[in-house]
Amino acid sequence: MNKDKGKTGENLKQSCAGRMNLTNAQNRVLVVKVPMYVAQKWDSAPSDINAGKLTVTKPHGQKPIFELSLPPEVVELKPEGKIPTEYTLEVSNVNDQTYGVFSTEATEQLPSGSEKVSMEGSSIKRLDCKPKINNSYVAFKRETVQKASGSSDVDHVHNIECRNRKKAEGKKARDDKNFVMGLLFNAFDKHQYYHTKDLVKITKQPIAYLKEILKEICNYNMKNPHKKMWELKKGYCHYKSDEKEKDEQSNSDCESE
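Sequential numbering of the sequence shown, starting at 5, is according to my numbering.
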């Protein structure tokens, strides 16, 4: 079986030799997967721009740490809107998959519209680019969720039909996560602390599902004066610091009791 596969691979290589440049096929390369919003920025970047800075740190006795930072000139490119600037790259093996890297080049020796294809190598590692959880990312995530929660795409027909069906059956519907997060952000813009029962009334979500989302963006207080109440994690909130906010919060606490 292995012998036959070897012949098949060799035949394929010979059949492609006339149409594809395989000079660099034995090279080993890294495949990097980046978030869509990073790819969109890079797609609109001019060829002479600094796309980013890759830093590799090698702690003694540990695996290398890969980090990527984007310069302001990339972050400010179209599409409009700032994105996170700091990322980590998690390394994983690709033993069960095969990735090839190819390049194309127009040439006069081929028919009009044809391109010369070259294989530049095959992958040995995969790097997943993930944003660091810092103030820049939190602000970006908050804005993204609020935009999504206000769009018709989030509360689409399927969600409406699902809610209506479950309402008729006497059950609470699980809405899109971004839609629920948007409702929560809007609520916490008004008051800093909420009991679980109040957030259930506001979002109309099953309590188990709601708590999953709350644990992601909120802290649950276990000490007085706001015991058993939720508040947004640092970075997600932007409360007023004047006496008016204190008065509003005092009213909220009384209502929740």
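We treat Cβ as the ideally placed atom computed from N, Cα and C, and that holds for glycine. Quantities reported herein were computed from a predicted structural model and do not represent experimental measurements.
Taking the C-beta atoms as reference points, LYS231 is found nearer than 7 angstroms to ASN225. Our two residues, PRO75 and LEU188, have alpha carbons roughly 33 angstroms apart in a direct line. Distances from the CA of PRO83 to each of SER73, LYS57 and GLN44 were compared; the closest alpha carbon is that of GLN44.
For LYS219, the uninterrupted alpha helix (DSSP H) run begins and ends at 211-221, by DSSP. When the alpha-carbon of ASN182 is set against those of THR200, GLN209, VAL33 and ASP132, the nearest one is in GLN209. The straight-line gap separating the alpha-carbon atoms of ILE206 and ALA191 is approximately 8 angstroms. In the DSSP assignment, VAL184 falls within the unbroken alpha helix (DSSP H) covering 181-194. Rounded to whole angstroms, the gap between the alpha carbons of HIS195 and PRO68 is 44 angstroms. Rounded to the nearest angstrom, the Cβ distance from ARG130 to SER107 is 20 angstroms, too far for a contact under 8 angstroms. Secondary structure of THR108 (DSSP, three-state): strand. Residue range 40-47 is occupied by the alpha helix (DSSP H) that includes LYS45. Each of VAL204, LYS62 and PRO63 was checked against the Cα of ARG178, and the nearest Cα belongs to VAL204. In the three-state reduction of the DSSP assignment, LYS208 falls in the coil class, being assigned neither a helical nor a strand state. Per DSSP, the beta-bridge partners of LEU131 are VAL36 and VAL95. Within a 10 Å sphere around the beta-carbon of LEU236 sit 16 or more other beta-carbons, which makes this residue buried. For the 7 angstroms CB-CB criterion, SER140 and PRO63 do not form a contact.
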